[in-house]
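Residue numbers (my numbering), protein chains in the order written: chain Z, 79 to 368; chain E, 10 to 171.
Yeah, the Cβ is synthetic: ideal placement off N, Cα and C, and Gly gets one too.
Only a predicted model underlies this, so the values are computations on that prediction, with no experimental measurement involved.
Right, one structure below, let's go through it.
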Amino acid sequence: MKPLFTQGPYPFLKITFFTLISVTLMVIDYHWDYLKNLRMHLLTVVYPAQYIVNLPVKTGQWLTMSLRTQQQLLEENNRLHEHNLRLQVALQKLQDLEGENERLRHLLGASIKTGERVRVAEVLAVELDPFRRKIIINKGKKDDVFEGQPLLDAQGVIGQIDNVGEISSTAILITDTTHQLPVQVVRTGLQTVAKGMGSTNRLALLYLPNTGINANIKVGDLLVTSGLGGKFPAGYPVGTVIEVNPDISQPYAQVHANPKALLERNREVLLVWKQNETNPPPSTDQYSQP
Amino acid sequence: MNLEQRPGNWIILLSFGFSLLLSIMPLPSWATLWRPDWISMILIYWAISIPQRIGIAAGWGIGILQDVLSDSLLGQHALSLSLIAYFAIRFHRRINLLPIWQQTLAVALLIAFGQLLNAWIQGLIGHPQPGATIFYPAISGLFFWPWLYLVLKDICQTYSTL
């Protein structure tokens, strides 16, 4: 038998109510931080979905690992051993330079030097909005991840943490259109801001006047974080300049750079904690630099 | 007639769970823009076949989960999905009576409406406008809806006889 009223009471009243709630939520979420906590708990609720989607990728990695022959593993071990030796030689030099730098700073009475603590996080193979540049990592509040925390890989800066969950977090990449990063040209010390353009491998450098542009910046120059803004530690590589176009019809020149980090191709990223020299890094670190 | 069927709640939950998984499944880069809007399609199916059980509130709840999964503004997908559910319920008798190809067009129209609403909200908060690519999920929905409809109908009929 077909029921007479199949759509429940007052659908129009209901949709008005839910529209109002949605709009209120969006306005609050856009302007204020009140919903951060709610989003954190909801991120924990949806974590199983992200985990399941990531599972086939993880299984694939495990399979390739376990199907390798002993010969291959030995070869890889040798190669890594050699690489490690070379890195250690470079590190000796670096330690010497760092000591000298510290002595000079001391002579000048310069400000306290800060160290950084680094930890590896895994990128989950999960897709977000195709028009944004964001990733999800498998570290959250229980690993002391905080909002605005810098993310690096072996080549350079990747981005920063956007929303923190209990066991996973979302991060916004430096190539997202809403992300701006204060940078500096290594060769000349010129300060500028690197803004994402929404594509995977391009950054726009803002506020560079047309006059004198050829002396200050040229194709191939290395960009590093300047440390202004206080979120990112200074001196990490960001990208290389690939295009300099002085444009007299515009107030500023058009300068583009290529990010150094392997954005959206890396499976592992590094989380960075800043710290003062007074409190030494905890021993649980996988890697730390003084 | 679908209205007499009372498929178990777990079928509904499972279908929504699957649609959420499919919406974050990594795809090759050429296919990401063409990813069918599984969540909307599943919601429309339940809203036109059992409108007294799945409706605006269910759409809103799924939308909040999608907002968290895709890291969009909290309430954005909730708004578009509850509106899609509203229109699906409002016209469910007419949509149910349509031949399958006309029904597919109606569903694609609803998906396009949802995508447009999402793009509009993204534009309001200053994100760049992606242009006509926002309608790709509606176009790929044209190909997937008939299959989805037949498979889900079949599952419902099989399990409601138990």
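What does the alpha-carbon distance come out to for the pair residue i and residue j?
i                      : j                      : result
residue 101 of chain Z : residue 241 of chain Z : 21 Å
residue 49 of chain E  : residue 339 of chain Z : 36 Å
residue 164 of chain Z : residue 271 of chain Z : 35 Å
residue 37 of chain Z  : residue 251 of chain Z : This structure cannot settle anything about residue 37 of chain Z, because the visible part of chain Z is limited to 79 through 368.
residue 26 of chain E  : residue 327 of chain Z : 53 Å
residue 249 of chain Z : residue 210 of chain Z : 11 Å
residue 76 of chain E  : residue 265 of chain Z : 44 Å
residue 310 of chain Z : residue 199 of chain Z : 18 Å
residue 168 of chain Z : residue 162 of chain Z : 10 Å
residue 17 of chain E  : residue 74 of chain E  : 22 Å
residue 111 of chain Z : residue 96 of chain Z  : 22 Å
residue 278 of chain Z : residue 303 of chain Z : 19 Å
residue 149 of chain Z : residue 137 of chain Z : 23 Å
residue 62 of chain E  : residue 160 of chain E : 20 Å
residue 154 of chain Z : residue 234 of chain Z : 25 Å
residue 117 of chain Z : residue 194 of chain Z : 29 Å
residue 162 of chain E : residue 59 of chain E  : 12 Å
residue 120 of chain Z : residue 98 of chain Z  : 21 Å
residue 132 of chain E : residue 274 of chain Z : 17 Å
residue 315 of chain Z : residue 177 of chain Z : 22 Å
residue 366 of chain Z : residue 258 of chain Z : Reliability of the predicted coordinates at residue 366 of chain Z is poor, the pLDDT of 41 falling under 50, and the value obtained from them is presented with this limitation in mind. Going from the Cα of residue 366 of chain Z to the Cα of residue 258 of chain Z covers about 27 Å.
residue 143 of chain E : residue 38 of chain E  : 15 Å
residue 239 of chain Z : residue 318 of chain Z : 23 Å
residue 53 of chain E  : residue 96 of chain E  : 9 Å
Look up residue i in the DSSP assignment and say whether it is helix, strand or coil.
i                      : result
residue 285 of chain Z : coil
residue 330 of chain Z : strand
residue 160 of chain Z : helix
residue 197 of chain Z : strand
residue 205 of chain Z : coil
residue 177 of chain Z : helix
residue 338 of chain Z : coil
residue 110 of chain Z : coil
residue 323 of chain Z : strand
residue 70 of chain E  : helix
residue 240 of chain Z : strand
residue 318 of chain Z : strand
residue 215 of chain Z : strand
residue 227 of chain Z : coil
residue 270 of chain Z : strand
residue 35 of chain E  : coil
residue 138 of chain E : coil
residue 309 of chain Z : coil
By the 10 Å Cβ neighbour count, where 16 or more other Cβ atoms means buried, how is residue i classified, buried or exposed?
i                      : result
residue 141 of chain E : exposed
residue 93 of chain Z  : buried
residue 246 of chain Z : buried
residue 179 of chain Z : exposed
residue 294 of chain Z : buried
residue 79 of chain E  : buried
residue 205 of chain Z : buried
residue 80 of chain Z  : Confidence at residue 80 of chain Z is low in this model, with a pLDDT of 49, below 50, so the placement of that residue should be treated as unreliable; the coordinate-derived value is given next. When all chains shown are included, residue 80 of chain Z counts as exposed.
residue 33 of chain E  : buried
residue 108 of chain E : exposed
residue 86 of chain E  : buried
residue 171 of chain E : Per-residue confidence for residue 171 of chain E stands at a pLDDT of 43, beneath the threshold of 50, marking its modelled position as unreliable; the derived number appears in the next sentence. Burial call: exposed.
residue 144 of chain Z : exposed
residue 125 of chain Z : buried
Would a C-beta distance cut-off of 8 Å place residue i and residue j closer than the cut-off?
i                      : j                      : result
residue 320 of chain Z : residue 336 of chain Z : yes
residue 130 of chain E : residue 82 of chain E  : yes
residue 301 of chain Z : residue 334 of chain Z : no
residue 89 of chain E  : residue 135 of chain E : no
residue 113 of chain E : residue 55 of chain E  : no
residue 176 of chain E : residue 31 of chain E  : Given a span of 10 to 171 for chain E in the structure shown, any question on residue 176 of chain E remains unanswerable.
residue 94 of chain E  : residue 70 of chain E  : no
residue 348 of chain Z : residue 196 of chain Z : yes
residue 203 of chain Z : residue 35 of chain E  : yes
residue 84 of chain E  : residue 120 of chain E : no
residue 218 of chain Z : residue 243 of chain Z : yes
residue 291 of chain Z : residue 329 of chain Z : no
residue 296 of chain Z : residue 254 of chain Z : no
residue 89 of chain Z  : residue 99 of chain E  : yes
residue 92 of chain E  : residue 126 of chain E : yes
residue 288 of chain Z : residue 232 of chain Z : no
residue 350 of chain Z : residue 186 of chain Z : no
Return yes when the C-beta of residue i is under 7 Å from any heavy atom of the ligand ATP, and no when it is not.
i                      : result
residue 239 of chain Z : No copy of the ligand ATP appears in this structure; indeed no ligand is present at all.
Could you work out which residues of chain B lie near residue i, taking near to mean beta carbons separated by less than 7 Å?
i                     : result
residue 99 of chain E : Within the model displayed, chain B is absent; protein chains Z and E are what it includes.
Compile a chain-ordered list of the residues in the segment 116-129 of chain Z whose CB is closer than 8 Å to at least one CB of chain E.
Taking 8 Å as the Cβ-Cβ cut-off against chain E, the residues of the segment 116-129 of chain Z that qualify are 116, 117, 120, 121, 123, 124, 127, 128.
Could you list the residues in the segment 138-156 of chain E with a C-beta less than 7 Å from some C-beta on chain Z, going in chain order?
139
Report the residues of the segment 121-132 of chain E with a CB closer than 8 Å to any CB of chain Z, ordered along the chain.
130, 131
Just by C-beta distance, which residues in the segment 40-53 of chain E are closer than 8 Å to chain Z?
41, 42, 44
Of the residues that make up the segment 289-318 of chain Z, which ones have a beta carbon closer than 8 Å to any beta carbon in chain E?
Within the segment 289-318 of chain Z, no residue qualifies.
Selection of the segment 221-247 of chain Z by Cβ proximity to chain E, strictly under 8 Å
240, 241
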